[in-house]
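**Q**
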Amino acid sequence: MKINPALFYSGRRNARYIEHPARYKKCGIKVIGVGGAGTNAIARLTRSGIKNIELIALNTDAQDLKKKNAHFKLRIGERITQGLGTGMNPKIGKLAAEESYQEISEILNNTDLVFLTAGLGGGTGSGAMPVIAEIAKNLGILTIGVVTLPFSFEGKKRRKVALTSLKELRKKIDTLVVIRNDKLLKTVPLDLPVEFAFSKCDEILKEAVESISNVILNPGILNLDFADIKAILKQGGTAFFGIGKAQGKGRAQKAARIALFSPLSRFPLKRTEGVLFNVASYQNSSLNEIAKIGQLIKKEVPSEAKIIFGASLDRNLQKDELRVTVIAAGFKI
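Residue numbers (full-length UniProt numbering): 1 to 333.
#1: Taking all protein chains shown into account, decide if D191 is buried (16 or more other Cβ within 10 angstroms of its Cβ) or exposed.
#2: Using 10 angstroms around the beta-carbon of N40, count the other beta-carbons present and answer buried if the total reaches 16, otherwise exposed.
#3: Per DSSP, what are the beta-bridge partners of I132 in this structure?
#4: How would you write the range of the beta strand (DSSP E) that I308 sits in, first residue to last?
#5: Whose C-alpha, out of I29, L95, A246, is nearest the C-alpha of P115?
#6: Bridge partners of G242, per DSSP?
#7: List the whole-angstrom C-beta distance separating P150 from N181, where the pair is believed to meet the contact cut-off of C-beta under 8 Å.
#8: By Cβ distance below 6 Å, which residues in the same chain neighbour G119 in space, the five residues on each side in sequence not counted?
#9: If we count Cβ pairs, one from each stretch, closer than 8 Å, do we get three or more for the segment 45-64 versus the segment 133-144?
#10: Mind reading off the beta-carbon distance from A329 to L233? Whole number of angstroms is fine, and I expect it under 8 Å.
#11: Around the Cβ of A280, are there at least 16 other Cβ atoms within 10 angstroms (buried) or fewer (exposed)?
#12: Taking only runs of the alpha helix (DSSP H) that begin and end inside the segment 46-72, which ones reach a length of at least 4 residues, in chain order?
#13: So for N278, helix, strand or coil by DSSP?
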């Protein structure tokens, strides 16, 4: 079965493919949001104007999916769910993804790297994401998962569902980034809207996607390629992404420390097997700045850890601003 990009949501009960009116574009890097939380992340990424990446929303709930912005949308499990969702049952989420195996495989055609994102603990994200990860793995696609674990106040049942799904994902995904929602409480003022809090998780996803895609798609001052990315992320286990920005005197060390010691994604760096860091600036960063960042990272990781780096220009930054993105992978947790 071939995907017809001209097929829009028409309100028909049997309509499977729902596409955003933006121009459909094939690309080698894709982000797939699974379930309610995953498609929320895709909608926010779409609004952010992220470029050169295909953003795909995938859900069992037709009404929820219809509201979300994405480059492409797919409703899965049409027969088993009738478009009504999973009722928080991950077994139905799994069956829904299996029912739509062929369509998911078609979406993953011509893909070199895919990010899968979901909030674990519900039905679609927890049940369908491991199936999608397995499809990607069978197609030889480098697969990175970015998932959230529920707040502790959401109860033991939801946490159990999340941890069961997490265990399955570890078997099927190349590298997994795990964000604990409880840590959100430590990073934002408690009186701010929920949307703002969850945008912090999306920021990690966005920066992870953009930092890796920029390395692959945009020629840098000190260039890394897809083989370098795979060398770090194919090691398996858990990964941690950190982003730091700083300006003025000492900006290199300041940005690196922010990236390395973020409360939302704190790195157990002494257990990492590999680190990739990228330095972006409006104007050329100095070799001395890059060396200082590298030395700071080297002090924190095992002597045998593989370290690779790149540098690039980003005209979206302020003129004296420097951004450091650190990807540490290979943790066996």
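Think of the CB as a built atom: it goes at the ideal place given N, C-alpha and C, for glycine as much as any other residue.
**A** Checking against the coordinates, here is how it stands:
#1: Within the sequence shown, residue 191 is the residue found at index 191, counting from 1. Flag for D191 reads exposed.
#2: Looking up residue 40 in the sequence shown gives position 40. With 16 or more other Cβ atoms within 10 Å, it is buried.
#3: By one-based count along the sequence shown, residue 132 stands at place 132. Bridge partners of I132 according to DSSP: none are assigned.
#4: As a first step, residue 308 must be located in the sequence shown, where it is residue number 308. Where I308 is concerned, the enclosing beta strand (DSSP E) stretches over 306-313.
#5: Translated into the one-based positions of the sequence shown, residue 115 becomes position 115. Reading off the sequence shown, one finds Phe at residue 115, where the question assumed Pro. Closest option to F115, Cα to Cα, is I29.
#6: One-based indexing of the sequence shown puts residue 242 at position 242. DSSP, once it has assigned bridges, lists V326 as partnering G242.
#7: Walking along the sequence shown from the start, residue 150 turns up at place 150. Walking along the sequence shown from the start, residue 181 turns up at place 181. Their Cβ separation, rounded to whole angstroms, is 6 Å, which keeps P150 and N181 in contact under 8 Å.
#8: Position 119 of the sequence shown, counting from 1, holds the residue named residue 119. If you ignore the 5 residues before and after G119, its C-beta comes within less than 6 Å of the C-beta of A37, G125, T148, all in its own chain and listed in chain order.
#9: Not touching, per the Cβ criterion.
#10: What you label residue 329 is simply residue 329 of the sequence shown in a count that begins at 1. What you label residue 233 is simply residue 233 of the sequence shown in a count that begins at 1. At roughly 5 Å, the Cβ-Cβ gap stays under 8 Å, so A329 and L233 are in contact.
#11: Counting from 1 along the sequence shown, the entry for residue 280 is found at position 280. The residue is buried, with at least 16 neighbouring Cβ atoms inside 10 Å.
#12: 62-67
#13: Walking along the sequence shown from the start, residue 278 turns up at place 278. Three-state result, N278: strand.
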